[in-house]
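Asker: This is the structure I want to talk about, given as structure tokens.
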Amino acid sequence: PTGYMENSISYSAIEDVQLLSWENAPKYCLQLTIPGGTVLLQAANSYLRDQWFHSLQWKKKIYKYKKVLSNPSRWEVVLKEIRTLVDMALTSPLQDDSIHQAPLEIVSKLLSENNNLTTQDQESIIVAIAPLLENNHPPPDLCEFFCKHCRERPRSMVVIEVFTPVVQRILKHNMDFGKCPRLRLFTQEYILSLNELNAGMEVVKKFIHSMHGPTGQCPHPRVLPNLVAVCLAAIYSCYEEFINSRDNSPSLKEIRNGCQQQCDRKPNLPLRLLHTSPDLVSQEATLTESRLKPVIVTSNEIHVEVERNNTANQKMTASVGNDSEPNLIDCLMVSPTCSTMSIELSAQADRILGCYVEILKMLSDYDDWRPALASLLQPIPFPKDNCSSLCFLLLFFFRELKYVIQRFAEDPRQEVHSCLLSVRAGKDGWFQLYSPGGVACDDDGELFASMVHILMGSCYKTKKFLLSLAENKLGPCMLLALRGNQTMVEILCLMLEYNIIDNNDTQLQIISTLESTDVGKRMYEQLCERQRELKELQRKGGPTRLTLPSKSTDADLARLLSSGSFGNLENLSLAFTNVTSACAEHLIKLPSLKQLNLWSTQFGDAGLRLLSEHLTMLQVLNLCETPVTDAGLLALSSMKSLCSLNMNSTKLSADTYEDLK
């Protein structure tokens, strides 16, 4: 060839690449040797020339290894070539993602096209490419190979020594499993392989601790979201396979593994719905033998026995009499007709679900992870129709997750326990699921009572929360109060005190419930005493303006307001006193209060929430130099009569200021 290069040159045609170094040679030139001649490439500077030189060498060698490894003959030679390829990638001065990814893709293709490798060959190849995996995610096909190795040889040392840093890097740096689902599957299989070791969950626990780190704060913000995504996806996969097994269609996992036909699939385990009520036997003795046989519904994962009373069995036998198979979900709806339900998982399903639920429990034990975990789990991570249908695996999951929800309910931080409520109106939250009558309640309402107790202390709208309890959970609250639960007794007293209940018969029933226990009787007597004091306090008369001396406390204010009538009090100044949010309980009893001065007090967010609910006629409020924050100030948006609001020297943000305007 002569003149300028007008046609492209294939990399495979390049026989040699050299830097021109002889005397009087053109500056910054490369010499490419090709069949029939040479080509000179001249760069603008030495840095660009060196880039070209190393890039061309890299491309030339990559094509060589692709050709050598595409037709393997002797695996010892292949292994040697793989090691040389890895060394070349590690020693290359080029800085680019493809430098490490290209060898991984070559090895990945090699493994996917050769399924007859011995276990020793597989492990040798994994060890050979391990240095490349320290700073790179494995390609999808390689992830599939790793998953297979974890399933077939979970106790191999390769899993511990090679896969552990790979999975750690995935959990620390992955941003979206949706773009690379094979990484998530590989992480799931790795965790299950750890669970197969002799120490079982202890090994998994040590791995989780290593991901968190020894300090009180995990330095890697992506670890928790990735672990939660891995656990929830694994649990939902079990549920998905169970649903697919109902009509014996292949699951997504089986489709990925090439099992398309029904003859290729493993036989399903039976799932029996047994109805053994003695009343049914006596009433339906005339049924044919075929109609008395237990109904069989197939499932890969689960065995369930359901006992029902007469009403439920009549519905069941009616369905059988019509020669139609009863709907599995209808048979398992929790209702007053269902007396007992026992769920028995297969060993494999119990191992898988138990492992991932235990991980969620471990995550909830870390204080710094708990707020983010509560936020991630607040929107219940399964479709609503599946929850209401009481799918077996979801029911198992909800009941096993009780420990996590208990940890949320015990946490004093509002950002944690507020996540027990539904994420939006009309959608069930954990509070509804674990309340009496909810699908996951199995403790007679103990967890429900603890959730109510913590939520009442920091709920954004206490009155609104009481209204929702009165509308939806009044029966369970009264039942727990009847059994002596102090939290529920307090709830019933608050409902009476805030006039939440309009129906006179319901009010009388609540009073009877309170008087049936010692603690209820005592609290009801205290309520009656407070009501008498309130009537005296609100009786017309007394001053219209009142100023407390500086350094006064909550107790001083309480003693003052209990000393006479303050029904005419319109202006109250507590400026430069030591009152706190606790005094809000006394302030809300002043019916005519229009102006309140809290300048330089310790009045905080909790008090503001209470004022916003009850002092709807307040017109002037001074919060200058108080410790209130955006969380409390936002509650003031409901005070439509407010004309003057001083928030100078508070922690008010610009966004909240705009919202309040």
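Residue numbers (the numbering used here): 1033 to 1693. Beta carbons: idealized from backbone N, C-alpha and C, even for Gly.
(1) For residue 1650, tell me which candidate among 1468, 1597, 1677, 1043 has the shortest Cα-Cα distance.
(2) Using the Cβ count rule (16 or more neighbours within 10 Å means buried), how would you classify residue 1135?
(3) Within 10 angstroms of the Cβ of residue 1330, are there 16 or more other Cβ atoms? Answer buried if so, exposed if not.
(4) Does the separation of the CB atoms of residue 1577 and residue 1603 fall below 7 Å?
(5) Can you tell me whether residue 1053 is helix, strand or coil according to DSSP?
(6) In this structure, does DSSP put residue 1066 in helix, strand or coil?
(7) Please classify residue 1169 as buried or exposed, where buried requires at least 16 other C-beta atoms within 10 Å of its C-beta.
(8) Relative to the C-alpha of residue 1097, which candidate in 1080, 1086, 1120, 1149 has its C-alpha closest?
(9) Based on Cα-Cα distance, which residue from 1431, 1472, 1403, 1428 lies nearest to residue 1442?
(10) Pairs of beta-carbons, one from the segment 1125–1144 and one from the segment 1180–1195, closer than 8 Å: are there three or more?
(11) I want to know whether the segment 1227–1237 touches the segment 1195–1203 - three or more CB-CB distances under 8 Å.
(12) If contacts are defined as beta-carbon pairs under 8 Å, then residue 1220 and residue 1261 qualify, I think. What distance do you get, rounded to the angstrom?
(13) Taking only runs that begin and end inside the segment 1421–1507, name each unbroken alpha helix (DSSP H) of 4 or more residues, in chain order.
(14) Please classify residue 1227 as buried or exposed, where buried requires at least 16 other C-beta atoms within 10 Å of its C-beta.
(15) Measuring alpha carbon to alpha carbon, tell me which of 1553, 1592, 1635, 1071 ends up nearest residue 1035.
(16) When we look at the beta-carbon of residue 1671 and count the other beta-carbons within 10 Å, is it buried (16 or more) or exposed?
(17) Would you mind stating whether residue 1615 and residue 1589 have Cβ atoms separated by less than 7 Å?
(18) Cα separation between residue 998 and residue 1090?
(19) As a quick exercise: from 1634, 1545, 1498, pick the residue whose alpha carbon is nearest that of residue 1531.
(20) May I ask you to report which of helix, strand or coil DSSP gives residue 1584?
(21) For the putative contact between residue 1571 and residue 1597, defined by C-beta atoms under 8 Å, what is the C-beta separation to the nearest angstrom?
(22) Where does residue 1648 sit, in a helix, a strand or coil, going by DSSP?
(23) Starting from the Cα of residue 1646, find the closest Cα among 1580, 1191, 1494, 1399 and give me that residue.
(24) Could you name the residues of the same chain whose beta carbon sits closer than 6 Å to that of residue 1140, not counting the 5 residues immediately before and after it, in chain order?
(25) Return yes when the Cβ of residue 1637 is within less than 7 Å of the Cβ of residue 1660, no when it is not.
(26) Does the segment 1391–1401 come close enough to the segment 1236–1252 to have 3 or more Cβ pairs within less than 8 Å?
(27) According to DSSP, is residue 1041 part of a helix, a strand, or is it coil?
(28) Measuring straight from C-alpha to C-alpha, what distance separates residue 1117 and residue 1078?
(29) My assumption, with CB atoms under 8 Å, is that residue 1471 sits in contact with residue 1430. Please give the rounded CB distance.
(30) Between which two residues does the alpha helix (DSSP H) harbouring residue 1227 extend?
(31) Identify whether residue 1676 lies in helix, strand or coil by the three-state DSSP scheme.
(32) In its own chain, which residues sit with a C-beta less than 6 Å from the C-beta of residue 1629, not counting the 5 before and 5 after it?
(33) Using the rule of at least 16 other Cβ atoms within 10 Å of the residue's Cβ for burial, across every protein chain shown, is residue 1294 buried or exposed?
Answerer: Taking the definition as stated:
(1) For the residues 1468, 1597, 1677, 1043, the minimum Cα distance to residue 1650 belongs to 1677.
(2) Buried.
(3) Residue placement at residue 1330 cannot be trusted, given a pLDDT of 38 that sits under 50; what the coordinates show is reported in the next sentence. Exposed, since its Cβ has fewer than 16 Cβ neighbours within 10 Å.
(4) Contact annotation: residue 1577 and residue 1603 have beta-carbon atoms nearer than 7 Å.
(5) Here DSSP, grouped into helix, strand and coil, assigns residue 1053 to coil.
(6) If DSSP states are grouped into helix, strand and coil, residue 1066 belongs with the strands.
(7) Residue environment analysis places residue 1169 among the buried positions, since at least 16 neighbouring C-beta atoms fall within 10 angstroms of its C-beta.
(8) If you compare the alpha carbons of 1080, 1086, 1120, 1149 with that of residue 1097, the shortest gap goes to 1120.
(9) For residue 1442, the nearest C-alpha among the options comes from 1403.
(10) Output reads no: the segment 1180–1195 does not touch the segment 1125–1144.
(11) Contact fails: fewer than three Cβ-Cβ distances are below 8 Å.
(12) Residue 1220 to residue 1261, Cβ: 10 Å. No contact.
(13) Segments of the alpha helix (DSSP H) lying fully in the segment 1421–1507: 1424–1432, 1434–1442, 1446–1449, 1462–1465, 1478–1490, 1494–1504.
(14) By the 16-neighbour rule on beta-carbons within 10 angstroms, residue 1227 is buried.
(15) Among 1553, 1592, 1635, 1071, the Cα nearest to that of residue 1035 is on 1071.
(16) Around the beta carbon of residue 1671, 16 or more other beta carbons sit within 10 angstroms, so the residue counts as buried.
(17) In contact: residue 1615 and residue 1589 (Cβ atoms closer than 7 Å).
(18) Since the displayed the chain opens at 1033 and closes at 1693, residue 998 lies outside it and no answer follows.
(19) Nearest C-alpha to residue 1531 among 1634, 1545, 1498: 1498.
(20) Coil at residue 1584, not helix or strand.
(21) Yes, residue 1571 and residue 1597 are in contact; Cβ-Cβ is about 4 Å, under 8 Å.
(22) Judged by DSSP in its simplified three-state form, residue 1648 adopts coil rather than helix or strand.
(23) For the residues 1580, 1191, 1494, 1399, the minimum Cα distance to residue 1646 belongs to 1494.
(24) Taken in chain order, the residues that qualify are 1171, 1173, 1174.
(25) Contact flag set, yes.
(26) Short answer: they touch.
(27) Per DSSP, reduced to three states, the secondary structure at residue 1041 is coil, with no helix or strand assignment.
(28) Approximately 27 Å between the Cα atoms of the pair.
(29) In this structure, residue 1471 and residue 1430 form a Cβ contact; the two beta carbons are roughly 6 Å apart against a cut-off of 8 Å.
(30) Per DSSP, residue 1227 belongs to the alpha helix (DSSP H) from 1213–1227.
(31) It is a strand residue.
(32) Here the set comprises 1605, 1607, 1654.
(33) With a pLDDT of only 43 at residue 1294, under the threshold of 50, the placement of this residue in the model should not be trusted; the figure read from the coordinates follows. Here residue 1294 is exposed. Its C-beta has fewer than 16 other C-beta atoms within 10 Å.
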